[in-house]
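Using the numbering used here, you'd call the opening residue of the sequence shown number 33 and step up by one each time.
A virtual CB, placed ideally from N, CA and C, is assigned to each residue, including glycine.
In what follows, a structure is listed as structure tokens, so that the remarks can point back to it.
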Amino acid sequence: MTMIGRSFATVDEKFIKGELFLKFDETGCLANESTQLMRLDPDGVIVYFCDTTTLEIECIEILDILDSRHGKSAKIIKEMEKWKNHKAVLSLLNTNSSFEDCLLTIVTGDTFIDLRFHIFLASSSQSAQNWAEELFRRASNVLFRNGCVLDYLNVAYAKMRYCFGTNEIPTKDVLNLFALNKDDRKIVEKAMVDSGLLENINLTVMKMDDLSKERFFLFYTCLTCRREVDEVFSNICAEVKGNLTSQDEQVMSTLNDREFCAFLNRHQRDPRLNELLFPPFTLENARTLIEKYEIKKNLKSTRRLSFMGFLHFLLSEDSLPCNEDCLVVQEKQMNEPLAHYMINSSHNTYLTGKFFT
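In structure tokens form, the structure reads like this:
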């Protein structure tokens, strides 16, 4: 099975099933009297809320969340006393629950200057706290914020999969997600047909059952036409096979485990690295990666890597330019006084006076 992206932390079932909230607009007025069912997708990359009356769905990407607050730390609602006695509020709040303690604010924005506040009212203070903590934990995940291409593809997949609410998605809505103009729409339509999301270009709806992660990845490859990767893969095949001649097309158009291992050490590993601290790739490493990223079972069983598996590998966390271990703060190493780190930081020891500011 082709996996798109990673789930950086297990999503608790209660967040997948969701809870009911009331939504306020940014001015502090009740948006409507209908409750909103707030949920996380199974991979925890988007939070989406569905109006229980109109069934309209809105979503927020976890990567867009800058902060989440609850209770007294949430954004203050104007005319709070007025809303405390509103019938929709009274029907939602649990007995003995305080209005202020049940508030939840999700802060989003492209920058810290242009902020947007999404204000919700939970049924209990514990519910508001649970959601605020869960959303902040995911939004502040360093690995997620420095993810690979597949992680971002997973966000796009989740928005298509969970934000329409029906078993059939209007084709025009899919086009609006990916197309900016008429020329783009033609390209997206062709990619949908080529990947099997649409049987023909004249259909007005796409069946949700056809939208699997494997099919979505195929749609991505049809949409982007990664000819440069195809060229690289063809050159590598020609390079490692040399003067080898074979009538078997599979042998000539795929890499076996030894050839892939040679590619990893020649092109993916910096030769300047210390071989004791950063050992070269082994045959076992290559086989593990083929097992992980090759899509076709018959190739996987013979330890061969196709172009699609190669592309999947290049877009994955195993091809990130920066080792993920470097992104994680080692708390055990952060117990010394500040001067200790300034002295041991070679590029800061020459800074004096105003350079520190």
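For residue i, count neighbouring C-beta atoms within 10 Å of its own C-beta (all shown protein chains included) and say buried if the count is 16 or more, exposed if not.
i	result
Gln68	buried
Met366	exposed
Cys257	exposed
Asn186	buried
Cys293	buried
Thr198	exposed
His372	exposed
Leu182	buried
Ile395	There is simply no residue 395 to check, as the chain begins at 33 and stops at 389 in what is shown.
Phe249	buried
Phe345	buried
Cys180	buried
Val77	buried
Thr137	buried
Val174	exposed
Met192	buried
Ile108	exposed
Ile145	exposed
Cys358	exposed
Which value, in whole angstroms, describes the spacing of the CA atoms of residue i and residue j?
i	j	result
Glu231	Val225	6 Å
Leu122	Thr86	21 Å
Lys214	Lys114	48 Å
Asn234	Lys222	11 Å
Asp57	Cys354	40 Å
Gly50	Asp73	10 Å
Met33	Val206	Its pLDDT being 46, under 50, Met33 is placed unreliably by the model, and nothing is read from it.
Leu308	Tyr325	27 Å
Ile89	Tyr80	7 Å
Asp350	Ser266	21 Å
Phe149	Cys61	13 Å
Asp302	Leu321	18 Å
Lys189	Leu347	Reading off the sequence shown, one finds Tyr at residue 189, where the question assumed Lys. Their Cα atoms are separated by approximately 15 Å.
Gln300	Arg336	18 Å
Asn330	Met238	30 Å
Ile219	Leu255	7 Å
Val43	Arg304	40 Å
Residue i: which of the options sits nearest, CA to CA?
i	options	result
Ala270	Cys254, Cys257, Asn288	Asn288
Glu65	Met240, Ser105, Asn117	Asn117
Leu167	Leu352, Glu323, Phe176, Ile97	Ile97
Thr286	Asn297, Lys328, Arg298	Lys328
Lys46	Leu54, Lys55, Met70	Met70
Arg319	Lys332, Phe310, Asp302, Pro312	Lys332
Leu229	Arg217, Val220, Asp242	Asp242
Cys195	Asn128, Met112, Asp83, Ala120	Asp83
Asp99	Val43, Glu323, Arg169, Ala154	Arg169
Glu323	Thr203, Thr334, Thr314	Thr334
Span of the alpha helix (DSSP H) holding residue i?
i	result
Asp216	214-227
His344	339-346
Asp99	Segment 97-102 is the beta strand (DSSP E) holding Asp99; no alpha helix (DSSP H) there.
Phe47	45-49
Thr320	315-325
Leu331	329-333
Give the secondary structure of residue i by DSSP, where H, G and I count as helix, E and B as strand, and everything else as coil.
i	result
Glu200	strand
Arg247	helix
Arg170	helix
Cys195	coil
Leu352	coil
Phe292	helix
Ile89	strand
His118	coil
Arg259	helix
Gln279	Reliability fails at Gln279, whose pLDDT of 48 lies under 50, so the model's placement of it is uncertain and no value is given.
Ile108	coil
Leu359	coil
Arg301	coil
Met366	coil
His150	strand
Met33	Bear in mind that a pLDDT of 46 at Met33, under 50, signals an unreliable position, so the model cannot answer this.
Leu52	strand
Between residue i and chain D, is there a C-beta pair that is closer than 8 Å?
i	result
Phe47	Given the protein chain composition of this structure (a single chain), no chain D is represented.
Along the chain, where does the beta strand (DSSP E) containing residue i start, and where does it finish?
i	result
Ile78	78-83
Leu72	68-72
Ile138	135-140
Met238	237-239
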